[in-house]
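Residue numbers (full-length UniProt numbering): 16 to 194. Notes to accompany the following structure.
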Ligand code: DAT
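See the structure below:
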């Protein structure tokens, strides 16, 4: 079966979102390699192109300028063939994405991943709460059409391989509307 998308793109755009540590970057780079998509890591882009307004002391992260990020991405998104990686999803234009994947990880596993990344204090608690309360899943559901949003478990290596395989097949079967 083909997946018909809008926007007049020749190749689909995928957004992979989820709490930090759920596996977005790992998943995106594997899918990008397998499907020849362009991997856009928003965190890295924001740093490289200075698309931020300052530093949040409490949560130890850059305060990104969402408008600048969208301006920066607009032309590429119009062409298609991108897989975007970010722990937020409500500020992108809805019609940019043909698929929005929300990665989900069990709390104990996520806790281990984040502590081994050096997270502690409010930054750790905030991210764990973000997963407990399914903040990104809710955000995705309120920002994109129901049939576009897909929540996938990302606990073990087997999940990683099956998610990558499934997304790669989906990209291969995608046809833009009207082509
Ligand atoms: P994110 O980009 O969401 O912050 P990541 O891709 O950097 O997450 O992954 C965080 C760590 O967890 C990294 O060491 C790889 C590992 N990991 C990610 N997904 C996994 C999975 N499904 N099974 C096992 N380990 C995983």
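Note that CB positions come from ideal geometry on N, CA and C, so glycine has one too.
Problem - Cβ-based burial, residue 130 [other Cβ within 10 Å; buried from 16] - result: What you label residue 130 is simply residue 115 of the chain shown in a count that begins at 1. With fewer than 16 Cβ atoms within 10 Å of its Cβ, residue 130 is classed as exposed.
Problem - CB of residue 52 within 9 angstroms of CB of residue 97, strictly - result: Working through the chain shown from its first residue, we reach residue 52 at position 37. Working through the chain shown from its first residue, we reach residue 97 at position 82. Yes. Within cutoff.
Practice task
Verify whether the separation of the beta carbon atoms of residue 104 and residue 159 is less than 9 angstroms.
Solution key: For the purposes of this step, residue 104 is taken as the residue at position 89 of the chain shown. For the purposes of this step, residue 159 is taken as the residue at position 144 of the chain shown. Their beta carbons are under 9 angstroms apart, which means residue 104 touches residue 159 by this criterion.
Problem - Where residue 125 falls: helix, strand or coil (DSSP) - result: Here residue 125 is taken as the residue at index 110 of the chain shown, counted from 1. Looking at residue 125 - three-state DSSP - the assignment turns out to be helix.
Exercise for the section: Taking residue 57 as the reference, give the member of 81, 49, 37 with the closest Cα. Expected result: Residue numbering aside, residue 57 sits at position 42 when the chain shown is read from its first letter. For the residues 81, 49, 37, the minimum Cα distance to residue 57 belongs to 81.
Exercise for the section: Report yes if the C-beta of residue 39 is less than 8 angstroms from at least one heavy atom of the ligand DAT; otherwise report no. Expected result: Position 24 of the chain shown, counted from the start, is the residue given in the question as residue 39. Residue 39: yes, Cβ under 8 angstroms from the ligand DAT.
Problem - Exposure label - residue 63; buried when at least 16 CB within 10 Å - result: Taking the chain shown and counting its residues from 1, the one referred to as residue 63 is at position 48. Residue 63 comes out exposed.
Practice task
Look at the alpha carbon of residue 106 and the alpha carbon of residue 162, and state the distance between them as a whole number of angstroms.
Solution key: Your numbering for residue 106 matches position 91 in the chain shown. Your numbering for residue 162 matches position 147 in the chain shown. C-alpha separation (whole angstroms): 19 angstroms.
Handout entry: Three-state secondary structure (DSSP) of residue 180
Key = Walking along the chain shown from the start, residue 180 turns up at place 165. Of the three classes helix, strand and coil, the one that applies to residue 180 here is helix, per DSSP.
Exercise for the section: Spatial neighbours of residue 44 within its chain, please: CB distance less than 6 angstroms, with the 5 preceding and 5 following residues excluded, ordered by chain position. Expected result: In the chain shown, the residue the question calls residue 44 occupies position 29. Contacts found: 54.
Problem - residue 114 versus 148, 79, 186, residue with shortest Cα-Cα distance - result: As a working note, residue 114 is residue 99 in the chain shown. Nearest C-alpha to residue 114: 186.
Exercise for the section: Express the C-alpha separation of residue 132 and residue 49 in angstroms, rounding to a whole number. Expected result: Looking up residue 49 in the chain shown gives position 34. Looking up residue 132 in the chain shown gives position 117. Approximately 27 angstroms between the Cα atoms of the pair.
Problem - Residue range of the beta strand (DSSP E) that includes residue 152 - result: Taking the chain shown and counting its residues from 1, the one referred to as residue 152 is at position 137. Premise fails: residue 152 lies in the alpha helix (DSSP H), 150 to 158, not in any beta strand (DSSP E).
Handout entry: Exposure label - residue 178; buried when at least 16 CB within 10 Å
Key = Here residue 178 corresponds to residue number 163 of the chain shown, with the count starting at 1. Buried, because 16 or more other Cβ atoms sit within 10 Å of the Cβ of residue 178.
Exercise for the section: Could you give the DSSP three-state label for residue 193: helix, strand or coil? Expected result: Position 178 of the chain shown, counted from the first residue, corresponds to residue 193. Below a pLDDT of 50, predicted positions are generally treated as unreliable, and residue 193, at 46, falls in that range; no measurement from the model is reported.
Handout entry: Burial state of residue 39, where buried means 16 or more other Cβ atoms lie within 10 Å
Key = Translated into the one-based positions of the chain shown, residue 39 becomes position 24. When all chains shown are included, residue 39 counts as buried.
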